[in-house]
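Asker: If you're matching positions, the sequence shown starts at 1 in full-length UniProt numbering and goes up one per residue.
Note that beta-carbon positions come from the ideal geometry of N, C-alpha and C, so glycine has one too.
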Amino acid sequence: MRLLALAGSPSARSRSSALLRHAYERLQTLGRVVDAMGLLDIPAQDLVQGHYAGEAAVALRARVSQAGAVLISTPVYKASFAGGLKAVLDLLDEKALAGKVVLPIATGGSPAHLLALEYGLKPVLSALGARHILAGVYATDKQVRLGDGGEVFIDADVRARLDESIERVAELTEPQPGQIAAAFNLGKLALAGGFGI
Numbered sequence: 001m002r003l004l005a006l007a008g009s010p011s012a013r014s015r016s017s018a019l020l021r022h023a024y025e026r027l028q029t030l031g032r033v034v035d036a037m038g039l040l041d042i043p044a045q046d047l048v049q050g051h052y053a054g055e056a057a058v059a060l061r062a063r064v065s066q067a068g069a070v071l072i073s074t075p076v077y078k079a080s081f082a083g084g085l086k087a088v089l090d091l092l093d094e095k096a097l098a099g100k101v102v103l104p105i106a107t108g109g110s111p112a113h114l115l116a117l118e119y120g121l122k123p124v125l126s127a128l129g130a131r132h133i134l135a136g137v138y139a140t141d142k143q144v145r146l147g148d149g150g151e152v153f154i155d156a157d158v159r160a161r162l163d164e165s166i167e168r169v170a171e172l173t174e175p176q177p178g179q180i181a182a183a184f185n186l187g188k189l190a191l192a193g194g195f196g197i
């Protein structure tokens, strides 16, 4: 099962993108196939104009469609998730997140901005069909520091919460024994429908 890491920051070198990268790398070590896409992968003109039929928008919808889980990161600006991320989410189909595990990840200037996940981002994710939204991981700017050489320093508390959420995503996307065989057992399907092979 594929997973998608969707970065909503306008900067590749941001705290929210750093947390998403940590999640991406951790999931890969757990044997998951994770695709990455972000705000910077979609032309600005397509975002501003809501160019639903654009090549980048079609690629975005295809990746979301193939994913069993979507990790979405965003910085919080002025008590709301990033407007660029909203423009990306507007390019998705109405129920694009139905049946998917969703993990929201955000960073902001103060602990008070944590509410942007609950009252800003989660309702939008629900409108896109998400019903299995995990508890979001929020960190302040002081808890995620970026070094001059590109290194990232994540406070132990934030790392523990993020790793716990990543483990939950891995659990929820683990194929169950027999699940694949049962889904594709053509003999049972033929017998149940009275068809011959």
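Let me make sure I understand the geometry here. Which of G8, S17, R2, M1 has the alpha-carbon closest to that of L146?
Answerer: Looking at the Cα atoms, S17 is the closest of the given residues.
Asker: For F81, which of G120, K95, A59 has the nearest alpha-carbon?
Answerer: That would be G120, whose Cα lies nearest to the Cα of F81.
Asker: Grab the span of the alpha helix (DSSP H) containing A56 for me, first residue to last.
Answerer: Here the alpha helix (DSSP H) through A56 covers 55–66.
Asker: Three-state secondary structure (DSSP) at I105?
Answerer: If DSSP states are grouped into helix, strand and coil, I105 belongs with the strands.
Asker: Would you call N185 buried or exposed, if buried means 16 or more other Cβ atoms sit within 10 Å of its Cβ?
Answerer: With a pLDDT of only 47 at N185, under 50, the local geometry of the prediction cannot be trusted, and no value is derived from it.
Asker: For S110, I'd like the list of residues in its chain whose CB is within less than 7 Å of its CB, leaving aside the five on either flank, ordered along the chain.
Answerer: For S110, where only same-chain residues beyond five positions count, the Cβ hits under 7 Å are T140.
Asker: Let's test the definition: count the other Cβ atoms within 10 Å of the Cβ of P123 and tell me whether it reaches 16, buried, or not, exposed.
Answerer: It is exposed - the Cβ of P123 has fewer than 16 other Cβ atoms within 10 Å.
Asker: Mind the definition here: the region 30–48 touches the region 122–136 only if three or more C-beta pairs lie below 8 Å; say whether that holds.
Answerer: Judged by Cβ distances under 8 Å, the region 30–48 makes no contact with the region 122–136, as fewer than three pairs qualify.
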